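One structure below.
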Amino acid sequence: MYWEKEIETMSREKLEELQLSRLKESLKRASRSFFYDKSFKETGFNPDKVSSLKDIENIPFTTKDDLREHWPYGFLAVSKDELVRMHSSSGTTGRATVIFHTANDINEWTNLVARSMYMTGMRKSDVFQNMMTYGLFTGGLGFHYGAEKIGALTIPAGAGNSKRQIQLMQDFGTTVIHIIPSYALHLIVVFEKVRVDPRKDIDLRIAFLGAEPHSEKTRQKIEELYGVKAFNSYGLSEMNGPGVAFECQFQDGLHIWEDNFFVEIIDPDTLKPVPDGEEGELVMTTLLRQGMPVLRYRTQDLTRIIPGPCPCGRTHRRIERIKGRTDDMMILKGVNIFPLQIEKKLMEIPGVGSNFLIMLEREGFNDDMHIKVEVQKEFFTGDLKQLEKLKRKVVEELKSDILITPKVELVEPNSLPSGEGKAIRVIDNRED
Ligand code: AMP
Ligand code: ZN
């Protein structure tokens with residue numbers, strides 16, 4: 000059994016008491032890091048003066064840029080000897096942020112994931128196939144540890160290799176999968192090709208959908224196509240990864256584990272917290288992390304707290320599925336990509352002009368990135384070979400950076416729309 004009843008159904012009053020005592024400890028630990036020591040001194044914030052949860056509003060925010068600027072070790076609150084694991088955000092090497100964990104951090108994280116999975120109905124008797132990338136990305140190992148903690152037979156399938164995924168499901172009687180929603184849709188096409196019906200030929204009953212935004216409609220589609228109950232799993236590497244917020248059997252919002260994280264929703268313009276029910280940017284503070292405490296982290300994810308209690312009896316508040324982002328980060332096939340990365344890479348390639356346009360498309364069940372790239376005039380003089388060579392180079396260079404193979408079209412100079420205002424770099428045509 001992996002139901003932490005006392006913690007999960009604790010009264011709000013008790014939960015807030017617990018949060019306050021954990022917050023005080025967390026601040027003490029944080030002030031041992033180079034970054035927070037400096038930040039507390041610069042802003043005059045005194046962690047010893049925190050006497051209520053409201054005081055958290057005096058702590059300066061932490062952003063992804065702070066993490067990047069103090070890469071790699073500026074946030075460490077313990078000596079390197081205490082660390083056992085490193086992870087990073089999905090996406091590329093250049094812009095990735097890294098997070099370090101002590102053995103205890105891994106334990107706490109594992110508990111959260113196990114608790115989340117158990118909440119949906121997964122049990123020791125299940126066979127769990129984890130179809131997420133193992134490695135620096137948190138979705139692989141994070142879920143793996145959680146599933147083993149529950150005691151389920153765990154198949155570390157990793158991402159990709161669709162035919163083998165289906166074979167594994169058939170051969171070993173997989174009942175629970177963890178999968179990126181866009182990949183779940185793509186995999187259906189492969190199921191059809193190999194003439195396997197996931198509803199009839201496989202014993203699946205639960206799917207965990209995570210790592211990228213998806214709509215209620217996509218969830219329903221996956222539930223129908225696979226014959227499962229699908230649960231939304233939200234997390235981010237800065238707050239461990241998976242196991243931050245997860246749907247219970249009522250599938251109406253994601254319980255966010257408030258014994259581990261202090262949660263605020265702020266107005267991204269005024270930076271002031273908004274009341275429950277109002278939409279804004281999710282901000283989180285780690286309450287138990289030892290290796291690398293992160294305070295008031297601006298996730299850039301837009302959501303709201305769903306007011307009122309959940310029929311499941313858990314008292315940890317629920318967030319609504321993520322509505323969007325406050326920045327221009329795109330997520331394609333679970334990989335985080337910033338338009339700026341693409342711009343930087345393109346501008347390094349001789350022959351590329353000054354404008355480009357990214358279009359995200361859903362073709363059938365497949366998500367793709369199409370990029371129109373303006374090239375210099377000389378390339379349109381009739382030498383098709385030269386143009387083809389440049390195109391290949393663009394594809395290769397981008398692939399090495401964003402880890403996804405885009406469909407590239409080279410176009411003439413000044414043929415893409417360019418206004419006086421902010422350039423439109425991305426058009427997202429993925430609709431449900
Ligand atoms: P990473 O740090 O690479 O794990 O990426 C974390 C980001 O992925 C989050 O800040 C969200 O923008 C996005 N994300 C993860 N899970 C979900 C989800 N279930 N729904 C929407 N967005 C998600
Ligand atoms: Zn619930």
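Under numbering that gives the first Met the number 0, think of the first position of the sequence shown as 0, with each following residue one higher. For each residue, glycine too, the CB sits at the ideal point set by N, CA and C. All values reported here derive from a predicted model rather than from experimental measurement.
| Item | Value |
| --- | --- |
| Neighbourhood of E246 by C-beta distance below 6 Å, restricted to the same chain and skipping five residues each side | F230, N231, L253 |
| Test item: CB-CB of T302 and I318 under 8 Å | yes |
| Three-way DSSP call (helix, strand, coil) for P46 in this model | helix |
| Segment contact flag, the stretch 326 to 333 with the stretch 15 to 29, C-beta cutoff 8 Å, min 3 pairs | no |
| Environment of I201 [buried if 16+ CB atoms lie within 10 Å] | buried |
| Span separating the alpha-carbon of Y117 from that of Y144 | 13 Å |
| Contacting residues, own chain, Cβ-Cβ under 6 Å from R361 (five flanking each side not counted) | R429 |
| Own chain partners of T8 with C-beta closer than 7 Å, once the 5 adjacent residues on each side are dropped | G312, R313, T314 |
| Contacts around F44, its chain only, beta-carbon distance under 8 Å, and the 5 residues preceding and following it disregarded | S38, N57, I58, P59 |
| Buried versus exposed call for P197 [16 or more other C-beta atoms within 10 Å across all chains shown] | buried |
| Beta-carbon proximity list for G157, same chain, < 8 Å, skipping 5 on both sides | N129, M130, M131, T132, Y133, G139 |
| Test item: CB-CB of G290 and F33 under 8 Å | no |
| Inter-stretch contact at 8 Å, needing at least 3 Cβ pairs: the stretch 257 to 267 / the stretch 339 to 349 | no |
| Cα-Cα separation between V49 and S30, rounded to whole angstroms | 13 Å |
| Option nearest S214 by Cα separation, candidates Q250, S236, G242 | Q250 |
| Where R11 falls: helix, strand or coil (DSSP) | helix |
| Residue range of the beta strand (DSSP E) that includes I264 | 260 to 265 |
| Contact under 8 Å by Cβ, D300 with E280 | yes |
| Opening and closing residue of the beta strand (DSSP E) in which R303 lies | Element bounds for R303: n/a, residue is neither H nor E. |
| Outcome for R308 when other beta-carbon atoms lying within 10 angstroms are tallied against a minimum of 16 | In the sequence as presented, Arg is not what sits at residue 308; that position holds Pro. Exposed, since its Cβ has fewer than 16 Cβ neighbours within 10 Å. |
| N239 versus M283 - alpha carbon distance | 12 Å |
| Residue interval of the alpha helix (DSSP H) (run including P338) | 338 to 346 |
| Cα-Cα separation between E16 and P274, rounded to whole angstroms | 20 Å |
| Complete runs of the alpha helix (DSSP H) confined to the stretch 17 to 104 [at least 4 residues] | 33 to 42, 63 to 68 |
| Those residues which DSSP pairs with A244 across a bridge | Y233, I255 |
| Residues with C-beta closer than 7 Å to any heavy atom of the ligand ZN, in chain order | C247, F249, H254, C309, P310, C311, R313, R317 |
| Inter-stretch contact at 8 Å, needing at least 3 Cβ pairs: the stretch 261 to 270 / the stretch 64 to 73 | no |
| Beta-carbon proximity check, D236 vs S124, cutoff 8 Å | Reading off the sequence, residue 236 comes out as Ser, not Asp. Not closer than 8 Å, so no. |
| C-alpha gap between I321 and F142, whole angstroms | 20 Å |
| Residues bridged to Y296 [DSSP beta-bridge criterion] | T61, M283 |
| Own chain partners of I187 with C-beta closer than 6 Å, once the 5 adjacent residues on each side are dropped | L224, F364 |
| Where N129 falls: helix, strand or coil (DSSP) | strand |
| Host beta strand (DSSP E) of K332 (start-end) | Unbroken run through K332: none, as it is neither H nor E. |
| L286 versus F379 - alpha carbon distance | 58 Å |
| Cβ-based neighbour list, K398, same chain, cut-off 6 Å, excluding 5 preceding and 5 following | T404 |
| Bounding residues of the alpha helix (DSSP H) (the contiguous stretch that carries D196) | From DSSP, D196 is part of no alpha helix (DSSP H); its letter is neither H nor E. |
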